[in-house]
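K.L.:
Sharing a structure here in C-alpha cells format.
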Amino acid sequence: MNNNDERLIFHIDVNSAYLSWTAVKLLQYGGELDIREVPSVIGGSEENRHGIILAASMPAKKFGIKTGEPIYAARLKCKNLIVYPPDYNWYVKSSDALFELLSEYSPKIQRYSIDECFMDCTHFKEDYMRMAMRIKMRVSQELGFNTNIGISTNKLLAKMASDFKPKNTVHTLFKDEMPLKMWDLPVGDLFMVGRASEAKLHKLNVHTIGELAQYDINLLISKLHSHGKLIYEYANGIDNSEIRKSNYLEVKGIGNSTTVSYDIETMEEALKVLLSLTESSTMRLRESNSLCGFVAISIKNNEFFHYSHQKPLSNHTDSTDKIFEGVKDAFKESWRGEKIRQLGIRVTKLSSNEYFQESLFDYERSEKQRKLDKTIDDLRNKYGKESVIRSTFLHSGVEPLNGGTGSDEYYPMMSSIL
Amino acid sequence: MKVVSKEIEMIAYFKKGGKINPIKFRIEEEGKCQVIKIGKIISTDLEKLCGNRMWVFTCSAVIGDVEKMFELKYDVERCLNRL
Chain V
1 MNNNDERLIF HIDVNSAYLS WTAVKLLQYG GELDIREVPS VIGGSEENRH GIILAASMPA
61 KKFGIKTGEP IYAARLKCKN LIVYPPDYNW YVKSSDALFE LLSEYSPKIQ RYSIDECFMD
121 CTHFKEDYMR MAMRIKMRVS QELGFNTNIG ISTNKLLAKM ASDFKPKNTV HTLFKDEMPL
181 KMWDLPVGDL FMVGRASEAK LHKLNVHTIG ELAQYDINLL ISKLHSHGKL IYEYANGIDN
241 SEIRKSNYLE VKGIGNSTTV SYDIETMEEA LKVLLSLTES STMRLRESNS LCGFVAISIK
301 NNEFFHYSHQ KPLSNHTDST DKIFEGVKDA FKESWRGEKI RQLGIRVTKL SSNEYFQESL
361 FDYERSEKQR KLDKTIDDLR NKYGKESVIR STFLHSGVEP LNGGTGSDEY YPMMSSIL
Chain Y
1001 MKVVSKEIEM IAYFKKGGKI NPIKFRIEEE GKCQVIKIGK IISTDLEKLC GNRMWVFTCS
1061 AVIGDVEKMF ELKYDVERCL NRL
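Structure (C-alpha cells):
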C-alpha cells in the first residue's frame, strides 16, 4: 500500500465544527434538543448585518442551505430553521481540547485552523486504521463531537480524504487510490481550486480532478502561471510540505475589519471606525513584539464594490497614534465619497521590535508615547477592553475597539498554505 | 429522566485532596422552596465535553416519601451547581 520510507499523515477535521460545538454546549447545560438533528444554523445577528451562515447542520444542508449564504435566504428554503449565535470563546476552548487530546498521540502536530489538525503518524504505520478509529472514538466520547479523519502519505491527500462522505468516518486516500477515489470528483473540490480557477479550467475543458491530472502541464502554466503548476501537482497527489509547529511562522500582517450596522456617509464617522480598528490591531501588533512599516486600508461600499489603498510609514513603529496617522492619510487619499458598508485596516512589513530606528528629533515624545501605549494595553488586558477608551467614542455609537472575534483572533479562519 | 436544568444553591464539603462532596441543596419550584438532603452519592464522573469540565454526581435522595435518583452537575470554570 505504501512504501516504507513514506510518511503517514492524519488530517482530523471536525464535522460542522461551530454547529457541533454549540450543540454540545447546549446539551451539557441541560438542553434536551440536539441541534445537530434538526435544521439549524450558526449565524451572526441579522440586525447588525452580520447575518450570514457560519455553519449548518446536516438536516439543514438537506434543504440546500450552505455556509456563507445570508440567513434570510436560508429561511426561504426552510421555514422552521433555528438560528444560534456563535460563541467564539467556547469554540476556542473546544479546539484547544481537541488539540490537547491529539497531542497524546504524536509530537508532530499542526493546528491548521480552528477545527482542523494535521498529525504525523508514521509511527502508527503497523495499525494506523485501528489508531485512527480509537482517536475518533475518544473524541466523540470524551469531547462529545464527531470528526472525520483522512489518512494518506502527505498533507494534501490526507486533507482531501477527510472531506469524503460519509461524515464521522475514517477515510484513506493513498496514491494508488487516487484514480478511484479522487479523480472522478469535480475539479472545484480540489484544494486551492476556487471559483475563479474553476471557471478557467472549465474553459480548458477540464471538469474533473482526473482530467486536470492528465492535462498538459505546459499549457496549464501558460494559462494559470505558477498556480497552474501547483494545482496540477495537487491533482496528481504531489505535496511535500512539512507538518509545521505553528501556522504563524509566515504572519505577514495583522489586520481587522468590520461591517458597520449602518452605512457610513461622513469622513468623521469613517475615521472613528478606522480608529477603533487601529486600536485593536495595534494592540495585537505590540503583543506580538513587532513593528510595522506599511498600513493598508480597505473599503467596501454599499454596492459591495471593494477597493484598498496602502501607504508606507516614515518609520517602523507600533504606536497607535503614528499608525493611525498613516491610516488617516491612506483613507483620505482613496475614499471616493460614497456610502461605506465595510472598513478594514491592515499593518504589514512587520519586523521585530528588538531594535528600531529612532528619529532624531522627537525621541522624547515617542518614548512617552510608547509608555502610554503600554500602560493602556496593560489596563485593557487587566480590566477589560473597554476599561480605557478615547473620549471621541463617548456617545458616538461606534465601538471603541473594533474587529476580531473574541480570543480566536489568533486562529486563522482559513489558510491557503498547507 | 426529567430534565430540570436549573442553577441551584448547594452546600457541599471539600475533602483534603480537593474532592467535592455535595450534602444538600435548595430548589425553588413554583415559588416554593424545598431543601433536599442527599442520601447517597452513587457515582462521581468528570465530564469534559468540548474541553469544558463539569463534575457529574449521580445521587439518590428521599423526596417526599419516595427515593429518587438524580444528577447534579458542578461547572468547574464558572463555579455553578446545576440540577
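Sequence order for the protein chains is V and Y. Residues 1 to 418 (the numbering used here) make up the first sequence, in order. Residues 1001 to 1083 (the numbering used here) make up the second sequence, in order. Cβ atoms here follow ideal geometry from the backbone N, Cα and C, with glycine treated the same way. It should be emphasised that the depicted structure is a prediction, and the values quoted were computed from it without experimental measurement.
1. Just reading off the beta strand (DSSP E) that Leu-156 (chain V) is part of, what are its end residues?
2. Grouping DSSP H, G and I as helix and E and B as strand, with all else coil, what is Lys-1073 (chain Y)?
3. Against Leu-143 (chain V), what residues of chain Y qualify as contacts under a CB-to-CB distance less than 9 Å, listed in chain order?
4. Can you list the beta strand (DSSP E) stretches of 3 or more residues lying completely in the stretch 272-322 of chain V, in chain order?
5. Run through chain V and tell me which residues come within less than 7 Å of Arg-1082 (chain Y), C-beta to C-beta.
6. Looking only at DSSP bridge pairs, what is Met-1010 (chain Y) linked to?
7. Are the C-beta atoms of Glu-250 (chain V) and some chain Y residue less than 8 Å apart?
8. Are the C-beta atoms of Met-1010 (chain Y) and some chain V residue less than 8 Å apart?
9. Is the Cβ of Lys-93 (chain V) closer than 8 Å to any Cβ of chain Y?
10. Taking the alpha-carbon of Ser-281 (chain V) as reference, which of V:Tyr-128, V:Thr-320, V:Leu-19 and V:Ile-42 has the nearest alpha-carbon?
11. So with Cβ pairs under 8 Å, would you call Met-1054 (chain Y) a contact of chain B?
12. Using a Cβ-Cβ cut-off of 7 Å (strictly less than) and excluding sequence neighbours within five positions of Ala-132 (chain V), which residues of its own chain qualify?
13. Determine, using beta carbons only, whether Lys-25 (chain V) comes closer than 8 Å to chain Y.
14. List the residues of chain Y that Ala-330 (chain V) touches, going by C-beta distances under 8 Å, in chain order.
15. Since Ser-1005 (chain Y) meets chain V, which of its residues come closer than 9 Å, beta carbon to beta carbon?
16. Below 7 Å CB to CB, which residues in the same chain sit around Tyr-128 (chain V) once its five sequence neighbours on both sides are set aside?
17. Assuming Arg-346 (chain V) contacts Asn-301 (chain V) (C-beta within less than 8 Å), just tell me the rounded distance between them.
18. Ordered along the chain, which non-local residues of its own chain (more than five positions away) have a Cβ less than 7 Å from that of Ala-74 (chain V)?
19. Quick one: using the 10 Å Cβ neighbour count with 16 as the cut-off for buried, is Ser-16 (chain V) buried or exposed?
20. For Asp-189 (chain V) versus Ile-209 (chain V), is the C-beta distance shorter than 8 Å?
21. From which residue to which residue does the alpha helix (DSSP H) around Asn-381 (chain V) run?
22. Only counting the same chain, and skipping five residues up and downstream in sequence, which positions put a Cβ closer than 6 Å to that of Glu-409 (chain V)?
23. Report the option in V:Trp-90, V:Asn-168, V:Ile-297 and V:Ala-330 whose CA atom is closest to the CA atom of Lys-25 (chain V).
24. Taking Arg-1082 (chain Y) as part of the beta strand (DSSP E), name the residues at either end of that continuous run.
25. When the cut-off is 8 Å and only beta carbons count, does Lys-1068 (chain Y) lie next to chain V?
26. Check Asn-256 (chain V) in the structure and name its three-state DSSP category.
27. Under DSSP, the alpha helix (DSSP H) around Ser-12 (chain V) begins and ends at which residues?
28. Counting pairs of beta carbons, one from the stretch 264-280 of chain V and one from the stretch 219-228 of chain V, are three or more of them closer than 8 Å?
29. Does any heavy atom of the ligand SAH sit closer than 7 Å to the C-beta of Thr-258 (chain V)?
30. Have a look at Met-192 (chain V) and Ile-231 (chain V) and give me their C-alpha separation to the nearest angstrom.
31. Pick from V:His-123, V:Ser-94 and V:Lys-125: whose alpha carbon is nearest that of Cys-117 (chain V)?
32. Find the residues of chain Y that neighbour Asp-96 (chain V), judging by a C-beta separation of less than 7 Å, and give them in chain order.
33. Helix, strand or coil for Thr-169 (chain V)? Go by DSSP, reduced to three states.
34. Considering only C-alpha positions, which residue in the set V:Glu-269, V:Thr-259, V:Glu-287 and V:Leu-156 is nearest to Ser-241 (chain V)?
35. Taking only runs of the alpha helix (DSSP H) that begin and end inside the stretch 73-118 of chain V, which ones reach a length of at least 4 residues, in chain order?
36. Considering only the beta carbon of each residue, do Glu-1067 (chain Y) and Gly-1039 (chain Y) sit closer than 8 Å?
P.N.:
The short version:
1. If you number the first sequence from 1, residue 156 (chain V) lands on position 156. Secondary structure note for Leu-156 (chain V): it is in no beta strand (DSSP E), and the uninterrupted alpha helix (DSSP H) holding it is 155-162.
2. If you number the second sequence from 1, residue 1073 (chain Y) lands on position 73. Three-state result, Lys-1073 (chain Y): strand.
3. As a first step, residue 143 (chain V) must be located in the first sequence, where it is residue number 143. The answer, in chain order, is Lys-1048, Leu-1049, Cys-1050 and Gly-1051.
4. 290-301 and 306-317
5. Counting from one through the second sequence, the residue named residue 1082 (chain Y) turns up at place 82. Neighbours of Arg-1082 (chain Y) on chain V, chain order: Gly-30.
6. Position 10 of the second sequence holds residue 1010 (chain Y). Paired residue(s): Y:Phe-1025.
7. Counting from 1 along the first sequence, the entry for residue 250 (chain V) is found at position 250. Confidence in Glu-250 (chain V) is poor, its pLDDT being 49 and thus under 50, which makes the residue's placement unreliable; the coordinate value appears in the next sentence. Answer no: the Cβ-Cβ gap between Glu-250 (chain V) and chain Y never drops below 8 Å.
8. Here residue 1010 (chain Y) refers to the residue found at position 10 of the second sequence. False, the Cβ-Cβ gap to chain V never drops below 8 Å.
9. Counted from its first residue, the first sequence places residue 93 (chain V) at position 93. Taking Cβ atoms only, chain Y reaches closer than 8 Å to Lys-93 (chain V), which makes this a yes.
10. Looking up residue 281 (chain V) in the first sequence gives position 281. Nearest C-alpha to Ser-281 (chain V): V:Thr-320.
11. Reference to chain B is not applicable here, since the protein chains of this structure are V and Y.
12. Within the first sequence, numbered from 1, the residue matching residue 132 (chain V) stands at position 132. Same-chain partners within the cutoff: Phe-10, Ile-149, Ile-151 and Val-170.
13. Start at 1 with the first residue of the first sequence, and residue 25 (chain V) comes out as number 25. For Lys-25 (chain V), the answer is yes, since a Cβ of chain Y falls inside 8 Å of its Cβ.
14. Taking the first sequence and counting its residues from 1, the one referred to as residue 330 (chain V) is at position 330. Those do not exist, as Ala-330 (chain V) stays about 41 Å from chain Y at its closest Cβ, beyond 8 Å.
15. As a position in the second sequence, residue 1005 (chain Y) is number 5, starting the count at 1. Tyr-29, Gly-30, Gly-31 and Glu-32, listed in chain order.
16. As a working note, residue 128 (chain V) is residue 128 in the first sequence. If we look at Tyr-128 (chain V) and ignore the five residues flanking it on each side, its Cβ neighbours are Leu-8, Cys-121 and Ile-151.
17. Position 346 of the first sequence, counted from the start, is the residue given in the question as residue 346 (chain V). Position 301 of the first sequence, counted from the start, is the residue given in the question as residue 301 (chain V). With a Cβ gap of about 18 Å, Arg-346 (chain V) and Asn-301 (chain V) do not count as contacting.
18. As a first step, residue 74 (chain V) must be located in the first sequence, where it is residue number 74. Excluding positions up to five away in sequence, the list reads Val-41, Ile-53, Ile-65 and Leu-81.
19. On the first sequence, position 16 is the one that residue 16 (chain V) refers to. The residue in question, Ser-16 (chain V), is buried, as its Cβ has 16 or more Cβ neighbours within 10 Å.
20. Numbered from 1 along the first sequence, position 189 holds the residue referred to as residue 189 (chain V). Numbered from 1 along the first sequence, position 209 holds the residue referred to as residue 209 (chain V). Yes; because the gap between Cβ atoms is below 8 Å, this pair is in contact.
21. Start at 1 with the first residue of the first sequence, and residue 381 (chain V) comes out as number 381. For Asn-381 (chain V), the uninterrupted alpha helix (DSSP H) segment begins and ends at 363-383.
22. The count along the first sequence starts at 1 and reaches residue 409 (chain V) at position 409. Low local confidence applies: a pLDDT of 39 at Glu-409 (chain V) is under 50, so the model's placement there is unreliable, and no value is given.
23. Indexing the first sequence from 1 puts residue 25 (chain V) at position 25. Comparing Cα positions, the closest option is V:Trp-90.
24. The residue labelled residue 1082 (chain Y) in the question sits at position 82 within the second sequence. Element bounds for Arg-1082 (chain Y): 1080-1082.
25. The residue given as residue 1068 (chain Y) occupies position 68 in the second sequence. Chain V, which has no Cβ nearer than 8 Å to the Cβ of Lys-1068 (chain Y), makes this no.
26. On the first sequence, position 256 is the one that residue 256 (chain V) refers to. Asn-256 (chain V): strand per DSSP, three-state reduction.
27. Taking the first residue of the first sequence as position 1, residue 12 (chain V) is located at position 12. Checking the sequence, you will find Ile at residue 12 (chain V) rather than Ser. Not the alpha helix (DSSP H): Ile-12 (chain V) falls in the beta strand (DSSP E), residues 9-14.
28. No: fewer than three Cβ pairs fall under 8 Å.
29. With respect to the ligand SAH, the structure offers nothing, as it holds no ligand at all.
30. Residue mapping note: residue 192 (chain V) aligns to position 192 of the first sequence, counting from 1. Residue mapping note: residue 231 (chain V) aligns to position 231 of the first sequence, counting from 1. Met-192 (chain V) and Ile-231 (chain V): Cα-Cα distance of roughly 7 Å.
31. Within the first sequence, numbered from 1, the residue matching residue 117 (chain V) stands at position 117. Taking only the C-alpha atoms, the option nearest Cys-117 (chain V) is V:Ser-94.
32. In the first sequence, residue 96 (chain V) corresponds to position 96, counting from 1. Within 7 Å Cβ-Cβ: Gly-1051.
33. In the first sequence, the residue the question calls residue 169 (chain V) occupies position 169. It is coil, neither helix nor strand.
34. In the first sequence, counting from the first residue as 1, residue 241 (chain V) sits at position 241. Nearest neighbour of Ser-241 (chain V) by Cα position, chosen from V:Glu-269, V:Thr-259, V:Glu-287 and V:Leu-156, turns out to be V:Leu-156.
35. Within the stretch 73-118 of chain V, the complete alpha helix (DSSP H) runs of at least 4 residues are 88-103.
36. Taking the second sequence and counting its residues from 1, one reaches residue 1067 (chain Y) at position 67. Taking the second sequence and counting its residues from 1, one reaches residue 1039 (chain Y) at position 39. For Glu-1067 (chain Y) and Gly-1039 (chain Y), yes; Cβs fall inside 8 Å.
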